[in-house]
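Notes follow once the structure below has been shown.
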Amino acid sequence: MHHAELIDLTRRLPKAELHLHIEGTLEPEMIFALAERNRVSIPYASVEELRAAYAFTNLQSFLDLYYAGASVLLQEEDFFDMAFAYFERAHADGVVHAEIFVDPQTHTQRGVPVATVFAGLARARRVAFERFGMSSQLIVCFLRHLSEADAFDTLEACAAHRNEFVGVGLDSSEVGHPPEKFERVFANARAMGLRVVAHAGEEGPPEYIWSALNTLKAERIDHGVRCLEDEALVAELVAKQMPLTVCPLSNLKLCVVNDMAKHPLKKMLDQGLAAMVNSDDPAYFGGYLMANFAACIRALDIDEAAVRKLCANSIQASFMPQAWKAERLSDVQA
Ligand code: HPA
Ligand code: ZN
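In the numbering used here, the protein residues as written are 29 to 362.
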């Protein structure tokens, strides 16, 4: 099958997106529109100038712009507009279900109540389900560069909205902020019946993946690409069929890999790891889910069987009920 044909097929297959930061879907055009609507000033003269600043050298250089971009989000309708724009694009890419990260601390630190954030996202999720039949869940992420106490406060503030989200995650600056810093927060979250995921092994070493598994009891590892440096860890992740939410264009833009042809996704599949494709922060990294698939299909030796495996892994690794999964899994094979 030619690349173009395989890309078309991939678009039609049902897929779940499991690693998507909603604040990372804020396109430059929307940043400018919301800045004007909310009378927030931003230090860029034009959309083109802002987009030109998206030349990242590592995770932190991206995070600085990502938090600055989020400063235009103030009202419920801002969160709605941002999230609904994502759902439209994801639906066009054949995403049938999305488990979406939100960073409450990015907003509460600016005086925006968590209730405003949850209300806007909930309305977008509802409209996406009604209009596209697309289901979604929210995962509240703690910013790991902030303190354990701050994470506890965030969990407590979100507890009032417990039925709005299914799990907790861990994101932001990885190196120097190992998972065990949040062991007690995650234990509390698990006691609340929340599912647990964590970013680990993006820029951080394999030890951080071990810690996400053993101290946080993570059920999925976000990124996880650096597991390949530790043979015993790979064996453990394969044995457990631990989902790894890989984000190829993110890895390229943040210089985790310096060439798409050197991306480890194919190698991960070949070793039996339960990897799948995600878009992470698509407004900043050069595209949504299908752009990520297309880049992998073109640069790596990803064939039809591998594409179907990636789609199946995404469905299987979601937090949806088993009956729902079984139906989509049979569609992936058909
Ligand atoms: N890594 C860590 N923190 C993040 C990311 C990421 O890829 N995207 C948004 N916050
Ligand atoms: Zn991420």
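Just so you know, even glycine gets a beta-carbon here, dropped at the ideal spot from N, CA and C.
The ligand ZN has no heavy atom closer than 6 Å to the beta-carbon of aspartate 131. For the pair valine 225 and arginine 248, the CB atoms are nearer than the 7 Å cut-off. DSSP places lysine 295 in the helix class (H, G or I) of the three-state scheme.
Under the criterion of beta carbons closer than 8 Å, phenylalanine 84 and lysine 281 qualify as touching, at roughly 6 Å. At the C-beta level, glutamate 116 and alanine 147 stay beyond 7 Å of one another. At least one heavy atom of the ligand HPA is found less than 6 Å from the C-beta of serine 200.
Within a 10 Å sphere around the beta-carbon of phenylalanine 210 sit 16 or more other beta-carbons, which makes this residue buried. Rounded to whole angstroms, the Cβ separation of arginine 254 and proline 233 is 6 Å, and the two are in contact under 8 Å.
Contact between the stretch 351-361 and the stretch 57-66 is not established, with fewer than three Cβ pairs separated by less than 8 Å. For phenylalanine 347, there is no enclosing alpha helix (DSSP H), as DSSP gives it neither H nor E.
Measuring C-alpha to C-alpha distances from glutamate 127 to each of Ala80, Glu208, Met162 and Phe107 identifies Met162 as the nearest.
Within 6 Å of the C-beta of aspartate 308 there is at least one heavy atom belonging to the ligand ZN.
In the structure shown, the three-state DSSP call for cysteine 255 is helix. Judged by their CB atoms, leucine 198 and phenylalanine 170 are nearer to each other than the 7 Å cut-off. The C-beta distance from valine 124 to lysine 245 rounds to 28 Å, too long to meet the 8 Å contact threshold. Within the DSSP bridge table, the entry for glutamate 127 names Gln165 as partners. Annotated three-state conformation of alanine 44 is strand, per DSSP. The criterion of a C-beta distance shorter than 7 Å is satisfied by phenylalanine 108 and arginine 151. The stretch 290-340 is shown to contain whole alpha helix (DSSP H) runs of 4 or more residues at 293-298, 310-313 and 317-327, in chain order.
Here the alpha carbon of glycine 122 sits roughly 20 Å from the alpha carbon of methionine 29. In the three-state reduction of the DSSP assignment, histidine 49 falls in the strand class, which pools E and B.
Going by C-alpha positions, alanine 260 is about 31 Å away from phenylalanine 90. DSSP places valine 155 in the uninterrupted alpha helix (DSSP H) bounded by 142-160. Per DSSP, valine 274 is one residue of the beta strand (DSSP E) stretching across 271-274. When DSSP states are grouped into helix, strand and coil, alanine 113 belongs to the helix group.
Distances between the C-beta of histidine 135 and the heavy atoms of the ligand HPA are all 6 Å or more.
Here DSSP, grouped into helix, strand and coil, assigns aspartate 199 to strand.
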